[in-house]
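Number of protein chains: 2
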Amino acid sequence: MTEWEQRLAGAGCRITAPRRAVIAVLMNADAPLLPQEILEQAQTVHRKLGLVTVYRTLNLLSELSLVRRVHREDGCHGYLPASAGHRHALICRNCHRAVEFTGHNDLHALIERVEARTGYRVDDHLLQLLGLCPHCQEREG
Amino acid sequence: MTEWEQRLAGAGCRITAPRRAVIAVLMNADAPLLPQEILEQAQTVHRKLGLVTVYRTLNLLSELSLVRRVHREDGCHGYLPASAGHRHALICRNCHRAVEFTGHNDLHALIERVEARTGYRVDDHLLQLLGLCPHCQEREG
DNA sequence: CTCTTAATGAAAAGGTTTTTCAGTAAAGAT
DNA sequence: ATCTTTACTGAAAAACCTTTTCATTAAGAG
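Chains as they are written, first to last, in my numbering: chain A, 10 to 150; chain B, 10 to 150.
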C-alpha cells in the first residue's frame, strides 16, 4: 500500500481500483495534469474509469492535501502532487513541467508591509511563477 | 472622454454605448466583479446590453491592461481596474473588497533564488493575497 | 460469506465562456 | 448633414468544465 493509500485509509476512505488508478497517475506527475488528461492516462490501468470519479478523487486528494490545484490562464485547473507544507508552483509555459518551491520567508516581509499599509489582515496567498524550464530554454536558444 | 476611452480610441477601437456602460462600472469598482455582476450594474445605464458584449469588452480591456483578472477559488474570474505597472490584488475573503499593491522588490529576491535552484527562467508571476479588510475585522471582533 | 453502505459510472444538469450570424451603428469620407 | 464601410452588437447556440442524480457495484467489517 502506498503512502497516499495509507492516508486515504486513515481518513476512513475505501481503497478502490479507480482511486488506485488516479493515484498512480498523479503521484509521479511532474506537470499539472488536467482531469481529462488524468482520465486518459488512468484508463490504461483501469479501463472503465469515468471522468466523474476522477473529479471526486481529486477533491478527496485535495482535502487530504495530497494534491495541489494550480490555476491556468484559460480558467481550468491542473493538479500536481503536493509536498508537505505551504509551497508554490513554478510552471514552464512551454512544456508545463512544474517544480515546487517555498516562498514563505520572502513573502513574510512583503505581507507584513502590505498589512501595515492597508490595514488588511492577510491569512492566505496564491503564488505561481511562470517561465521556461532548463530543457525548453535549450530548445529555444 | 475618459482616460480609458482615449486608450480604446488610440487602439483603433470604436467608442460605443455598451463599452461606455461596462467601463463606467469597472472604473470605480473596488472589488473584483464577475461578468454577470458587471452586466447587471451596466444595464442600469444601457438597458439592452448583453452578457456576450461584457465578455468581449473585458477581453479588450485586459489586452489594453486597463483591467486585471483575478482567480477565484470556485474557478470563475473577477475583474478589477488595473493600476499602471505590475501590481497584485489583496482581496477580503468576506466582502471581496480589493486593494492593489506592488510586490516587485520582495518578489525579485525570491524569484532569483528559485531561478538559481531550479534552472528555470522566470518571466511572469501570479500573486494574490487573501484576508480580512479593516471593516470586516471590526465586524468580526 | 454476508451485510452494510461507500463508491462508481452513465446520464443529465448547471455554470461559465466562446462562436456564429444577421442586424446595427460608429466614424471617416463626401 | 448624408453616405459608406465595416467594426460592433445581441440572441441563440455551441463548447467547455464541473457537479448532481441515481441505480448498480464492490470494499471491508463482522
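Glycine is no exception: its CB is placed at the ideal position from the N, C-alpha and C atoms.
Closer than 7 Å by C-beta to residue i: which residues in its own chain qualify, once you throw out the five before and the five after it? Chain order, please.
| i | result |
| --- | --- |
| A:A38 | L89, P90 |
| B:C142 | C101, C104, R106 |
| B:E124 | R130, V131 |
| A:Q50 | V34 |
| A:Q52 | L58 |
| B:A20 | L73 |
| A:C22 | L69 |
| B:E109 | S92, R96, H97, A98 |
| A:H55 | A26, P27, A30 |
Could you tell me whether any Cβ in chain A is nearer than 8 Å to the Cβ of residue i?
| i | result |
| --- | --- |
| B:V76 | no |
| B:V61 | no |
| B:R56 | no |
| B:G140 | yes |
| B:I120 | yes |
| B:H80 | yes |
| B:G112 | yes |
| B:V123 | yes |
| B:V31 | no |
Can you find a CB in chain B that lies within less than 8 Å of the CB of residue i?
| i | result |
| --- | --- |
| A:A38 | no |
| A:Q137 | yes |
| A:D83 | no |
| A:G87 | no |
| A:R96 | no |
| A:G8 | Outside the shown range of chain A (10 to 150) lies residue 8 of chain A, about which nothing can therefore be said. |
| A:P143 | yes |
| A:Q146 | yes |
| A:L166 | The requested residue 166 of chain A does not occur in the structure, where chain A is confined to residues 10 to 150. |
| A:H134 | yes |
| A:V34 | no |
Of all the options the options, which has the alpha carbon lying nearest to the alpha carbon of residue i?
| i | options | result |
| --- | --- | --- |
| A:W13 | A:S71, A:L139, A:Y129 | A:S71 |
| B:R81 | B:S92, B:S74, B:L43, B:H117 | B:L43 |
| A:R77 | A:R148, A:Q137, A:M10 | A:Q137 |
| B:V45 | B:Y64, B:E149, B:R126, B:V54 | Looking at the sequence shown, residue 45 of chain B is not Val but Gln. The option with the nearest alpha carbon to B:Q45 is B:Y64. |
| A:Q146 | B:Q146, B:R56, B:E149, B:G128 | B:G128 |
| A:R126 | B:T111, B:R122, B:R126 | B:T111 |
I'd like the list of long-range same chain contacts for residue i, defined as Cβ closer than 6 Å, with 5 residues on each side in sequence excluded.
| i | result |
| --- | --- |
| B:L60 | L48 |
| A:R28 | T66 |
| B:I120 | V131 |
| A:H144 | none |
| A:I32 | W13 |
| A:G84 | none |
Using beta-carbon positions only, say whether residue i and residue j come within less than 8 Å of one another.
| i | j | result |
| --- | --- | --- |
| A:H134 | B:L139 | yes |
| A:A18 | A:I24 | yes |
| A:M36 | A:T11 | yes |
| A:D115 | B:A118 | yes |
| A:R148 | A:L75 | no |
Ordered along the chain, which non-local residues of its own chain (more than five positions away) have a Cβ less than 8 Å from that of residue i?
| i | result |
| --- | --- |
| A:V79 | P41, H86, G87, Y88, L89, A98, I100, A107, Q137 |
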